[in-house]
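K.L.:
Residue numbers (the numbering used here): 65 to 320.
C-beta: ideal position from N, C-alpha, C; glycine also.
Following this message is one structure expressed as structure tokens.
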């Protein structure tokens, strides 16, 4: 897969293409095509963290062991407790990218995530729908407020962050760098928030499973609870171990 480290190179290449086309054809239509191509590439880069277009995000890891990372977004919620019980039952570990306002609402559930051996991480304070349009200072505020909420509830200063909707752009990249966080993406998107059957979602995940995969789920519905149970059974059949991101990445996930 393409891996654009800096939009400057893409912009320069497309600009030179546009100049070349215009000088040789004196036509505006090719320029429009190049412009559309540029917009398409930048949009793709903004919504696919695997490309590392605007910032580096870990989306999978090469593994010599049969480990995968199950991650959850948008909690904690009461459904998180059911998922924690399932993880205990199957002796699996996971990581939870929590929204700050949800941590404030359910601090004891956030605390249980830590107490049961899982990792808690930052998913912004409010998960704003206009995340991709916020200036850097507001993104920093979202990150810092969520970090404060998590630290208040759990005592942990987190080092991992996942952008809401998986969106990245120069403003978000600048904020993540300023806050000295590590951006975590995924390479298996479950689509568990869409109107798909549980069986179809489980099939979608298991079809792509391999050592080193990072799986995206949401601990926000009963449907996902059922999906998690089926997934944990599938991991057992395929002799894959679900570990938290601290063990998966083999690096610190908290400042303290």
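1. Rounded to whole angstroms, what is the Cα-Cα separation between residue 248 and residue 174?
2. If you follow the beta strand (DSSP E) that residue 163 is part of, which residue opens it and which one closes it?
3. Tell me the start and end of each unbroken beta strand (DSSP E) in the segment 166-238 that is at least 3 residues and wholly inside, in chain order.
4. Mapping the DSSP letters down to three states, classify residue 65 as helix, strand or coil.
5. Out of curiosity, what's the CA-to-CA distance linking residue 163 and residue 191?
6. Please state the DSSP three-state secondary structure of residue 136.
7. DSSP state of residue 254, grouped into three classes?
8. Quick one: what does DSSP say residue 314 is sitting in, helix, strand or coil?
9. Measure the C-alpha to C-alpha separation of residue 203 and residue 213 and round it to an integer number of angstroms.
10. Cβ of residue 184 within 8 Å of Cβ of residue 157?
11. If you draw a straight line from the alpha carbon of residue 236 to that of residue 243, how long is it in whole angstroms?
12. Rounded to a whole number of angstroms, what is the C-alpha to C-alpha distance between residue 166 and residue 139?
13. Taking residue 135 and residue 281 to be in contact with their CB atoms under 8 Å, please state how far apart those CB atoms are, rounded to whole angstroms.
14. Per DSSP, what are the beta-bridge partners of residue 305 in this structure?
15. Within the present structure, is the beta-carbon of residue 195 separated from the nearest heavy atom of the ligand FAD by less than 7 Å?
16. Does the beta-carbon of residue 179 have 16 or more other beta-carbons within 10 angstroms, so that it is buried, or is it exposed?
17. In whole angstroms, what is the alpha-carbon distance linking residue 293 and residue 147?
18. Between which residues of its own chain and residue 256 is the CB-CB distance below 7 Å, once the five residues before and five after are set aside?
19. Inspect the beta-carbon positions of residue 119 and residue 240 and report whether they are closer than 8 Å.
P.N.:
Looking at the atomic coordinates:
1. Counting from one through the chain shown, the residue named residue 248 turns up at place 184. Counting from one through the chain shown, the residue named residue 174 turns up at place 110. When rounded, the distance between both Cα atoms is 19 Å.
2. For this step, residue 163 is matched to residue 99 along the chain shown. Where residue 163 is concerned, there is no enclosing beta strand (DSSP E), given that its DSSP letter is neither H nor E.
3. 183-186
4. Here residue 65 refers to the residue found at position 1 of the chain shown. Legend: pLDDT at residue 65 = 38, less than 50; position of this residue unreliable, value from coordinates given subsequently. Note: residue 65 maps to coil in three-state DSSP.
5. For the purposes of this step, residue 163 is taken as residue 99 along the chain shown, with counting starting at 1. For the purposes of this step, residue 191 is taken as residue 127 along the chain shown, with counting starting at 1. Taking the straight line from one Cα to the other gives about 7 Å.
6. By one-based count along the chain shown, residue 136 stands at place 72. Here residue 136 sits in strand by DSSP.
7. In the chain shown, the residue the question calls residue 254 occupies position 190. In this structure, residue 254 counts as coil in the three-state DSSP scheme.
8. For the purposes of this step, residue 314 is identified with residue 250 of the chain shown, where counting begins at 1. Here DSSP, grouped into helix, strand and coil, assigns residue 314 to coil.
9. Here residue 203 refers to the residue found at position 139 when the chain shown is read from its first residue. Here residue 213 refers to the residue found at position 149 when the chain shown is read from its first residue. Our two residues, residue 203 and residue 213, have alpha carbons roughly 16 Å apart in a direct line.
10. Counted from its first residue, the chain shown places residue 184 at position 120. Counted from its first residue, the chain shown places residue 157 at position 93. Taking 8 Å as the Cβ cut-off, residue 184 and residue 157 do not qualify as a contacting pair.
11. Counting from 1 along the chain shown, the entry for residue 236 is found at position 172. Counting from 1 along the chain shown, the entry for residue 243 is found at position 179. Rounded to whole angstroms, residue 236 to residue 243 spans 11 Å at the Cα level.
12. Sequence index remark: in the chain shown, residue 166 carries index 102 (1-based). Sequence index remark: in the chain shown, residue 139 carries index 75 (1-based). Distance between the alpha carbons of residue 166 and residue 139: 6 Å.
13. Counting from one through the chain shown, the residue named residue 135 turns up at place 71. Counting from one through the chain shown, the residue named residue 281 turns up at place 217. Sure, about 7 Å apart at Cβ, within 8 Å.
14. Here the question's residue 305 lines up with position 241 in the chain shown. Bridge partners of residue 305: 131.
15. For the ligand FAD, the structure offers nothing, since it holds no ligand at all.
16. In the chain shown, residue 179 corresponds to position 115, counting from 1. By the 10 Å Cβ count, residue 179 comes out exposed.
17. Stepping through the chain shown from its first residue, residue 293 is reached at position 229. Stepping through the chain shown from its first residue, residue 147 is reached at position 83. Rounded to the nearest angstrom, the two C-alpha atoms are 8 Å apart.
18. Sequence index remark: in the chain shown, residue 256 carries index 192 (1-based). Closer than 7 Å at the Cβ level, and outside the excluded window around residue 256, lie 265, 281, 282, 287, 288 and 291.
19. If you number the chain shown from 1, residue 119 lands on position 55. If you number the chain shown from 1, residue 240 lands on position 176. Yes, Cβ-Cβ distance for residue 119 and residue 240 is below 8 Å.
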